[in-house]
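Right, one structure below, let's go through it.
Chains as they are written, first to last, in this note's numbering: chain H, 1 to 355; chain Z, 356 to 710.
Structure representation (structure tokens):
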């Protein structure tokens, strides 16, 4: 791989396109020293570049003629938009011209590009979206937050194995605690999926700590929480919506009287520190784990700060050689194939091992 | 049924037992004029009654010798603890000695008592726990929040039909909008369960508005949101945990400097109004819908205020004759049996109608 680190950015991705992707990329280039390849409509990108001085950083532009819509079907994008910024950005990684890719575009399309352009790590049945959540104690990993709406029990074990490598080698957590998102703390509480996954996880080499209830996610006591992509996506978006609703309710109350406005003004630095602590823009994007390459998906509504953070995260993945670690970690772990529909079948009775 | 309204309280239920159940009951009796039957250890209850003047309200005590533990198996409680306060309280409703029951005890046991002591409304396959959530616009109904960890698509339709009667007759919402908690707004987004439930709901008489994403739950645009009990329980507890975590993070920041402490002090009434707005104690408990009787389950950590609110909610259910409405509403609605494993089977192909 070439030095320095080179990252591809889907410049057309997200709700705001080049307007946030370009300044976000420049900020990250400055912060990390990485070279950035901006992929998308060259005219639109150059226009943004003109507005932001960038003589001090290495930026390239790769022109593409198509844009993947946020509501378009991933399969359509994959088939009919070969020259979309998201596809081309992923191809740069596949072809060794970039170490990693960041996109705030259609996340379904990002997953499809990951699966079909980069391909899966051997032994991984289902790549998964991981996200890093701020909690009371420290950031934790929640996986899967949307790649797989319907899962088999062994998928959840694979998610745990992948996240464990991430936590160990990228987040520097020595013996990460792995829990399963469920209802009720005791073994035997949960739905059919989590109960079966529970017994598989218990028998695995992971530092499995059992069920984690919804109310304990944000205490930060568990380093990694596994769940199916439906539950994880609901949990992630619910958190986002509740955070926004609470902030709005509090603001309404604080604006109701002159006194409370004054109090708020005096305490403003504290409110700002708080806001920064819980701003997802500070926590980067959601890496897709299980691919032959580094790919990070950002929120569609990302601002420049969020894009920059995700790129810094991608740079850290490259620096720490996260994907090689993942590949090797998974290869060394014979369990991966044990918990695979394609491996020697330890797939639990009743699960659809032939699917 | 006797006049005035009479409500049974599981006085031993919850983390704090008579200490909160007794004063909570007295407050509700005062507020609603209802007579209260406190069920549990008579000595412990009388001791609490002595600490709270109550000459102005009608309170009875029914002595029981057993207590259902919060971590005990519902089936064990049902079989071996015939004289537990929770069982006896439910029997009072079955036997017409009380119009409704409120418990902060073991919620699994409450469901079991509801199913086996009160019984299900004809045509209802799965009674469900509904909860009323504060949102930006108005309170909304989320159902199921924990009674049924694994659901069939038609169960979700039944939840919608039951919640619709509740919303119409108790919450006075004339044509409640019903959505399904899912990932992605478009039809076709979701997991196997929600996709199938989507098409059933679309064909029902309900005012179905489609998928509701996690981030839109708290905007309050949808009056009723249906989901399986696993997802609903995770969503409910996650909201609780996130609310607590955010409050704690904000407090930490506000306490960091003298200035922000001063600002907070000045704005304190606004913080208090906000706290009240989002305090679950203000929103009552979770009614179990689909039973032959009114039963409301409270949070195990309920304080006296929460118990009182739940009892006021129960009194409103009785006053509005909610359960008769539910029984009649469901009987009039031929769809209930259409969406039932026991009725003429419109159960979708592939669903386990014989289970």
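Glycine residues also receive a C-beta, built at the ideal position from the N, C-alpha and C atoms. Treat the numbers as computed from the prediction; the structure is a model and nothing was measured.
- For residue 218 of chain H, a Cβ of chain Z is located within less than 8 angstroms of the residue's own Cβ.
- Residue burial annotation: residue 127 of chain H is buried, with at least 16 other C-beta atoms found within 10 angstroms of its C-beta.
- Residue 586 of chain Z reaches chain H at 230, 231, 234, counting residues in chain order whose Cβ is nearer than 8 angstroms.
- Among the residues of chain H, those whose CB is under 7 angstroms from the CB of residue 611 of chain Z are 270, following chain order.
- At a cut-off of 8 angstroms between beta carbons, residue 249 of chain H contacts chain Z.
- Cα atoms of residue 381 of chain Z and residue 359 of chain Z: separation of roughly 15 angstroms, rounded to the nearest angstrom.
- Among the bridge pairs identified by DSSP, residue 213 of chain H is matched with H/182.
- For residue 445 of chain Z, no Cβ of chain H is located within less than 8 angstroms of the residue's own Cβ.
- The residue from Z/511, Z/563, Z/562 with its alpha-carbon nearest to that of residue 552 of chain Z is Z/511.
- Around the C-beta of residue 175 of chain H, fewer than 16 other C-beta atoms lie within 10 Å, and the residue is accordingly described as exposed.
- Nearest neighbour of residue 363 of chain Z by Cα position, chosen from Z/516, Z/506, Z/409, Z/651, turns out to be Z/651.
- Taking a beta-carbon distance threshold of 8 angstroms, residue 507 of chain Z does not count as an interface residue toward chain H.
- An exposed status is given to residue 547 of chain Z, since fewer than 16 other beta-carbon atoms sit within 10 Å of its beta-carbon.
- If you compare the alpha carbons of Z/423, Z/397, Z/385 with that of residue 412 of chain Z, the shortest gap goes to Z/385.
- When secondary structure is reduced to three states using DSSP, residue 6 of chain H falls in the strand class.
- Counting only runs of 3 or more residues that sit fully inside the segment 188-238 of chain H, the beta strand (DSSP E) segments are 207-213, 224-226, in chain order.
- By the Cβ criterion, the segment 310-324 of chain H is not in contact with the segment 619-638 of chain Z, since fewer than three pairs of Cβ atoms, one from each stretch, lie closer than 8 angstroms.
- Within the segment 413-488 of chain Z, complete alpha helix (DSSP H) segments of at least 4 residues are found at 429-435, 440-449, 462-468, given in chain order.
- Inter-segment contact for the segment 530-541 of chain Z and the segment 571-582 of chain Z is present: three or more beta-carbon pairs are separated by less than 8 angstroms.
- Here the segment 234-241 of chain H does not lie against the segment 194-212 of chain H, with fewer than 3 beta-carbon pairs under 8 angstroms apart.
- For the 8 angstroms CB-CB criterion, residue 141 of chain H and residue 166 of chain H form a contact.
- Listed along chain Z is no residue with a C-beta nearer than 9 angstroms to that of residue 126 of chain H; the closest approach is about 14 angstroms.
- Residue-level contact by beta carbon holds for residue 592 of chain Z and chain H, with a gap shorter than 8 angstroms.
- Closest in C-alpha terms to residue 113 of chain H, from the list H/201, H/254, H/76, comes H/76.
- Just so you know, the alpha carbons of residue 585 of chain Z and residue 41 of chain H end up roughly 45 angstroms apart.
- Between the alpha carbons of residue 456 of chain Z and residue 405 of chain Z lies a gap of roughly 23 angstroms.
- Between residue 219 of chain H and residue 136 of chain H, the C-beta spacing is below 8 angstroms.
- Residue contact with chain Z for residue 277 of chain H: present (Cβ-Cβ distance below 8 angstroms to some residue of chain Z).
- According to the DSSP assignment, residue 375 of chain Z belongs to the alpha helix (DSSP H) that extends over 373-387.
- Contact of residue 273 of chain H with chain Z by beta-carbon distance below 7 angstroms involves 608.
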